[in-house]
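Protein chains in written order, with the working numbering: chain A, 1 to 544; chain E, 545 to 898.
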């Protein structure tokens with residue numbers, strides 16, 4: 001009998017179980033490795049967690065729905081409990097969605113939970129991406145993880161779209177009709193792809209079952225795989241932390257996984273689940289019974305997709321009239337192709353931004369300390385411009401509702417949006433950049449001369465001054481610890497040539513770093529303190 | 545602190561100096577203000593006072609008890625609020641079950657987070673972080689393994705094997721090209737898009753009742769949603785929606801004096817004109833008609849067509865006018881089509897003009 005077994009017996013049931021597991025799966029080694037792993041703590045790190053937990057809610061509620069939903073488009077006559085649709089012809093898919101809502105206890109709750117969770121999933125993933133962008137968390141070594149996260153965001157939108165198309169109601173059917181119209185507009189292959197997708201002519205009898213396969217198998221499987229890769233890389237890199245005293249690129253500051261992080265993150269899962277459940281129980285979403293089953297002839301006014309498809313719908317709406325061209329008998333329907341190109345370019349820009357910025361800065365170091373957005377003014381301004389561009393596209397999907405709610409002319413709303421799409425991002429860029437630089441200057445000011453106390457003191461010779469209070473050294477460090485870059489000039493390479501790439505990089509480096517505010521140095525601080533001896537460490541004194 | 549790369553010698557704590565990366569355009573200041581190190585821990589009330597700790601303890605327990613109450617209540621709600629033929633019961637079932645389940649979850653969530661924040665240690669700790677790249681030693685071993693694998697398999701050496709493998713790998717997805725082909729059985733999708741159910745003599749019938757329409761039924765300004773007579777789900781069980789998605793027509797009677805297009809007048813009947821209801825942008829039904837302006841509006845993307853001028857696009861993203869259906873009346877006075885649309889209806893496609 002080994003010593004281990006002896007110890008286990010002494011320890012009782014728990015120790016016995018632990019011993020059993022260790023001898024079979026090596027759980028002690030896993031705990032030693034990960035049990036006290038440090039996780040930094042910040043509210044903005046929760047956004048990714050919200051997305052993750054929403055996805056788990058989606059898996060659970062979605063599985064429930066698959067037990068009742070029938071993805072078939074065969075025509076049936078409705079004979080269920082919902083009076084207004086009694087006797088109406090509809091597809092089996094739509095009927096089973098109605099039955100889940102009205103004849104399964106908790107069915108409507110699960111449908112609403114699933115829909116709300118989907119809305120939150122995409123929203124949280126998007127906000128998480130913005131957090132990562134604006135804090136520079138995508139810098140080396142996390143560029144690839146940014147791309148994985150980007151793929152997750154696109155998959156989340158795909159999951160959402162394939163999901164809300166399943167009930168085969170009037171609203172989602174018109175959404176599919178729009179997708180069909182966009183696909184048909186593709187050069188050369190459009191009509192074929194449309195025919196393959198719908199199994200013949202639109203709407204056909206196949207599309208719901210096909211989207212169902214994608215929605216419950218392929219897309220969630222990919223999301224799951226990418227989440228695993230995403231989190232695995234977080235383990236490899238360890239989480240980033242915000243700049244501050246004691247936080248460096250070669251350490252990680254935070255709470256140990258066990259017990260604090262397990263309690264917080266585990267508890268937070270239940271909070272996200274609970275809040276979604278509460279919203280599902282109290283706020284109606286996607287009342288498909290009000291739309292009726294799909295019929296290609298009617299449509300309701302004010303049709304809109306779920307929020308995360310809005311930017312695509314907006315892009316379609318904002319395209320100018322009369323862009324179609326016929327060349328050699330072939331139709332180029334630019335009024336559809338241009339919006340699609342704009343959407344794809346925006347996505348490509350997002351996916352590749354980390355590599356572009358890395359090329360401009362030429363910084364090959366690992367970065368684990370996050371930037372405060374103000375300390376990367378040009379990046380922050382680019383982000384603000386991108387968000388504005390997306391927001392205008394998104395608002396573009398509501399031109400009709402904006403016009404009717406605010407009693408404006410639809411034509412004026414649309415024209416304003418078209419102009420805004422070009423102009424507002426530029427304005428957002430300029431304003432954001434100036435605001436960032438001003439905040440940096442203010443930071444310098446506070447670091448050098450302390451913070452205003454509001455105390456006005458009269459000096460013996462009659463002069464009035466406001467007393468400034470030096471920052472405590474731990475706080476001071478937050479103001480002065482950031483990465484600072486300077487622009488470069490195009491230099492000849494080994495052959496003595498100045499390449500196009502070098503010129504481009506020099507131009508971009510000027511664009512990024514021409515306006516820069518350097519962090520306060522120790523020398524500057526000493527000099528400032530010398531000028532104003534009132535400012536001594538942590539003490540407030542009055543000038544004499 | 546646990547060292548992530550456990551099998552490395554202890555000296556790898558200075559791993560950071562193993563490899564120096566270029567900072568690019570970064571300004572590395574020699575005169576940087578020194579890092580004062582982690583802030584001293586701020587003591588919480590629950591750390592200082594036993595009374596506060598006890599209160600926090602009670603609060604956590606209360607949350608967990610609330611959770612138990614909520615989860616149990618959801619079972620009660622399931623039986624207490626069954627669903628009957630009365631739709632109000634659906635609302636009660638959803639609300640009470642949902643709120644109870646939510647309480648069950650929120651109780652655990654608030655309890656656990658409160659526990660972590662008040663009673664577990666809140667002093668931040670640091671652990672070292674190493675460069676992602678392996679140490680020189682590890683990298684050398686990785687290269688060695690690759691070389692060994694290469695040597696043992698002869699991957700570089702046996703050129704023919706390698707190249708034929710590349711070829712095989714490049715071609716193995718080929719079957720997918722034909723496998724997916726049968727997702728449609730239509731050999732000529734673009735051709736199918738050219739024709740609708742309308743034929744010479746097909747009566748115009750109302751949607752959804754299917755009643756044929758007489759010219760005399762239309763008063764000035766009235767609008768009918770129209771399908772070809774005989775397009776019902778009984779007579780077309782296989783392709784009812786597909787036919788309807790192409791053949792749907794909007795029928796309007798205008799004052800002939802208001803119509804600016806001679807072609808529109810000629811293709812209509814005494815000011816009664818029939819236009820495809822399928823938007824030429826991306827195919828939504830153009831369902832909104834504004835009587836006093838004679839404008840047709842698509843609710844999806846707001847393309848606007850001028851019904852008084854051959855449905856030309858006057859606003860929005862569409863490029864082409866709605867196709868007009870030639871109509872006349874038959875011997876009994878019913879409106880009939882003179883033939884199919886002269887151009888494909890609905891969204892543009894590549895071969896549309898061929």
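Glycine residues also receive a C-beta, built at the ideal position from the N, C-alpha and C atoms. These numbers were taken from a predicted model, which means no experiment stands behind them.
The DSSP-derived three-state label of residue 849(E) is strand.
Beta-bridge pairing by DSSP links residue 33(A) to no other residue.
Here residue 116(A) is buried: its Cβ has 16 or more other Cβ atoms, across all protein chains shown, within 10 Å. For the stretch 343–374 of chain A, not one full-length beta strand (DSSP E) segment reaches 3 residues or more. Interface residue (Cβ-Cβ distance to chain A less than 8 Å): residue 894(E) is classified as such. Residue 834(E) is outside the set of residues whose beta carbon lies under 8 Å from a beta carbon in chain A.
Residue 872(E) is outside the set of residues whose beta carbon lies under 8 Å from a beta carbon in chain A.
With its beta carbon at least 8 Å from every one in chain E, residue 27(A) lies outside the interface.
Taking C-beta separations shorter than 7 Å and ignoring five residues to either side along the sequence, the partners of residue 893(E) in its chain run 734, 737, following chain order. Leaving aside the five residues that flank residue 388(A) on each side, the residues in its chain whose CB is nearer than 7 Å to its CB run, in chain order, 424, 425, 428. Around the Cβ of residue 781(E), a 10 Å sphere holds fewer than 16 other Cβ atoms; the residue is exposed. Chain-ordered listing is empty here: chain A has no CB closer than 7 Å to the CB of residue 774(E), the nearest sitting near 16 Å. Between the stretch 851–862 of chain E and the stretch 791–810 of chain E, the count of C-beta pairs closer than 8 Å reaches three or more; the two stretches touch. Residue 830(E) and residue 406(A) have their alpha carbons spaced roughly 24 Å apart. As summarised for the stretch 719–751 of chain E, the continuous beta strand (DSSP E) elements at least 3 residues long and confined to that stretch are 748–750, given in chain order. Pairwise C-beta distances place the stretch 242–249 of chain A in contact with the stretch 478–485 of chain A, as three or more of them are shorter than 8 Å.
Nearest neighbour of residue 792(E) by Cα position, chosen from 798(E), 807(E), 773(E), 779(E), turns out to be 773(E). According to DSSP, residue pairing for residue 251(A) in a beta bridge involves 672(E). Counted as a single uninterrupted DSSP element, the alpha helix (DSSP H) harbouring residue 449(A) occupies residues 410–449.
Those residues of the stretch 128–154 of chain A placed with their C-beta closer than 8 Å to a C-beta in chain E are 141, ordered along the chain.
Residue burial annotation: residue 722(E) is exposed, with fewer than 16 other C-beta atoms found within 10 angstroms of its C-beta. The alpha-carbon separation between residue 704(E) and residue 42(A) amounts to approximately 56 Å. In the structure shown, residue 508(A) adopts helical secondary structure according to DSSP, grouped into three states.
Taking the C-beta atoms as reference points, residue 867(E) is found nearer than 8 Å to residue 885(E).
Within the stretch 589–616 of chain E, not one residue has a Cβ closer than 7 Å to any Cβ of chain A.
Three or more Cβ pairs closer than 8 Å define a contact, and the stretch 385–403 of chain A meets that threshold against the stretch 335–355 of chain A. Taking CB atoms only, residue 203(A) has a neighbour in chain E less than 8 Å away. Note on the stretch 262–294 of chain A: whole alpha helix (DSSP H) runs with a minimum of 4 residues are 262–282, in chain order.
Close CB contacts of residue 332(A) within its chain, under the 8 Å cut and outside five residues either way in sequence, are with 187, 324, 325, 326 (chain order). One Cα belongs to residue 335(A), the other to residue 421(A), and the distance between them is close to 16 Å. Cα atoms of residue 289(A) and residue 647(E): separation of roughly 29 Å, rounded to the nearest angstrom. Taking CB atoms only, residue 573(E) has a neighbour in chain A less than 8 Å away. Interface flag for residue 668(E) against chain A is set, since a Cβ pair is found closer than 8 Å. Scanning its chain for C-beta atoms nearer than 7 Å, with the 5 sequence neighbours on each side dropped, one finds around residue 524(A) the residues 448, in chain order. Taking one beta carbon from each stretch, the stretch 508–523 of chain A and the stretch 560–575 of chain E have 3 or more pairs nearer than 8 Å; the two touch. Going by C-alpha positions, residue 178(A) is about 11 Å away from residue 890(E).
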